[in-house]
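K.L.:
Numbering (this note's numbering), first residue to last: 1427 to 1818. What follows is a single structure, and I will ask about it in a moment.
Dropping the structure here:
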């Protein structure tokens, strides 16, 4: 293998370049990015960038030392066996890493909708976060909550519209997500639940109920779609992202996929997973590079994510889809620090959500990975460490 092309210059793409070199690949590497910016991290966009603490989140990687050809402002348009078609011509490859990420969903309507996916998006939105500005955030998911936090700190009049029964209901379920509802009121943010948006208008938002909410700025945070349209008509199977096996191999020889666009098979959870989190972009490239170079490697992590919202550090690890019941560690109505545990069969931990309890997250992630049974009586006592809840 002489030439590897990496399509997508986000964190997953850069880490793929690093992994290829770490595994001993000495051939040519071309890194293709659609944006004109050098590769940067996305998590700070809804945190430090919006809060005005930084204007740049460039990934800490010496691309020159890695001897990679960096092609910015170039988009992939199509794929044939051995050839990537781009807006600047064709690129031949011997190995290919697909790391094109995802694109934000927009709603119908003629009004201006901000989204938050790129550094340009973040800087454009930040310019509008001024005292007294009426900001409507559509979607109370991870990003929506973080933006609402930043906007409230900036003195904006913030309204969050959520179609579900509670914030984070899509990610955590209505019960767990419901425990974050009081945070909005304490921050002075108006929260509308069970509210479906009919249209985004030039002067605000119209709900399906007919209600109107006026706004100076509207941010749509209702999810993303894998950026895989350029693969239509190729031999790469696509279904909710690029379909890959536990080795991150696609259906086309010498092609792997990583990051937000990869729909991978998890041996641990016995299902396909597409995880849109920083930790996936950080960890998957090592497996992908090893696979591309003919090594045997399996990608089967315990998914992990964190969020900073309304003065709380919120962390999640695992996959709650296999859970049979939910238990609380601490009382969210009384305690500032608490956790939610999802238990699968035989009281094995499937997932954990922690609020300002970092030790619970670290230990819980290890328990999910190890698959040990837990003593439920001890588990619901927040004074008992999670590792001391493991049954002999």
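Even glycine gets a Cβ: it sits at the ideal position worked out from N, Cα and C.
1. Which one of 1724, 1611, 1572 and 1679 has the shortest CA to CA distance from residue 1469?
2. When the Cα of residue 1451 is compared with those of 1443, 1457 and 1458, which residue comes out closest?
3. On the three-pair Cβ rule with 8 Å, is the region 1793 to 1811 touching the region 1771 to 1784?
4. Assuming the contact rule is C-beta atoms closer than 8 Å, residue 1703 and residue 1730 should be a hit. Round their C-beta distance to whole Å, please.
5. Can you check whether the CB of residue 1718 is closer than 8 Å to the CB of residue 1521?
6. If we count the other Cβ atoms within 10 Å of its Cβ and call it buried at 16 or more, is residue 1676 buried or exposed?
7. Beta-carbon within less than 8 Å of residue 1679's beta-carbon, same chain only, minus the 5 sequence neighbours each way: which residues are those?
8. On the DSSP bridge list, what partners appear for residue 1530?
9. My output table needs one value for residue 1504: the three-state DSSP class, helix, strand or coil.
10. Buried or exposed: residue 1712, going by 16 or more other Cβ atoms within 10 Å of its Cβ?
11. Under the three-state reduction of DSSP, which class applies to residue 1472: helix, strand or coil?
12. Contact defined as beta carbons within less than 8 Å: I believe residue 1793 pairs with residue 1816. What is the distance between those atoms, to the nearest angstrom?
13. If you draw a straight line from the alpha carbon of residue 1761 to that of residue 1755, how long is it in whole angstroms?
14. Pull up the DSSP beta-bridge partners for residue 1497, would you.
15. Measure from the alpha carbon of residue 1666 to the alpha carbon of each residue in 1672, 1539 and 1686, then state which is nearest.
16. Report back the beta-carbon spacing between residue 1536 and residue 1628 to the nearest angstrom; my notes put them in contact at under 8 Å.
17. Looking only at C-alpha atoms, which of 1455, 1439, 1501 and 1526 sits nearest to residue 1486?
18. When you compare only the Cα positions, how much space is there between residue 1664 and residue 1657?
19. Does DSSP put residue 1444 in a helix, a strand or coil?
20. What residue ranges within the region 1602 to 1672 form continuous beta strand (DSSP E) runs of no fewer than 3 residues, ordered along the chain?
21. List the residues that DSSP assigns as beta-bridge partners of residue 1733.
22. With contact counted as at least three CB pairs below 8 Å, one residue from each stretch, are the region 1546 to 1562 and the region 1588 to 1607 in contact?
23. Going by C-alpha to C-alpha distance, which of 1812, 1651, 1689 and 1699 sits closest to residue 1766?
24. Could you give the C-beta distance for residue 1653 and residue 1670, rounded to a whole number, given that I count them as a contact under 8 Å?
25. Residue range of the beta strand (DSSP E) that residue 1682 falls in?
26. Around the Cβ of residue 1791, are there at least 16 other Cβ atoms within 10 angstroms (buried) or fewer (exposed)?
27. Which same chain residues end up closer than 7 Å to residue 1807 when comparing Cβ atoms and leaving out the 5 residues on each side of it in sequence?
28. Measuring alpha carbon to alpha carbon, tell me which residue in 1620, 1701, 1456 and 1696 is nearest residue 1855.
29. Per DSSP, residue 1466 is paired with what?
30. To which residues of the same chain is residue 1532 closer than 7 Å at the C-beta, ignoring the five residues directly before and after it?
31. Is it true that the region 1552 to 1559 meets the region 1572 to 1592, where meeting means three or more beta-carbon pairs spaced less than 8 Å apart?
32. Taking 8 Å as the threshold (C-beta atoms), are residue 1631 and residue 1583 in contact?
33. Can you tell me whether residue 1797 is helix, strand or coil according to DSSP?
34. Exposed or buried, which one is residue 1473 when buried takes at least 16 other CB atoms within 10 Å?
35. Quick one: using the 10 Å Cβ neighbour count with 16 as the cut-off for buried, is residue 1693 buried or exposed?
P.N.:
The short version:
1. 1572
2. 1443
3. yes
4. 7 Å
5. yes
6. buried
7. 1507
8. 1650
9. strand
10. buried
11. helix
12. 7 Å
13. 10 Å
14. 1458
15. 1686
16. 6 Å
17. 1439
18. 8 Å
19. helix
20. 1616 to 1619, 1623 to 1627, 1630 to 1633, 1638 to 1640, 1643 to 1646 and 1650 to 1652
21. 1740
22. no
23. 1812
24. Not really, about 15 Å apart at Cβ, beyond 8 Å.
25. 1681 to 1683
26. buried
27. none
28. Lying before the first or after the last residue shown, residue 1855 is absent from the chain, which here runs from 1427 to 1818.
29. 1484
30. 1539, 1541 and 1646
31. yes
32. no
33. coil
34. buried
35. exposed
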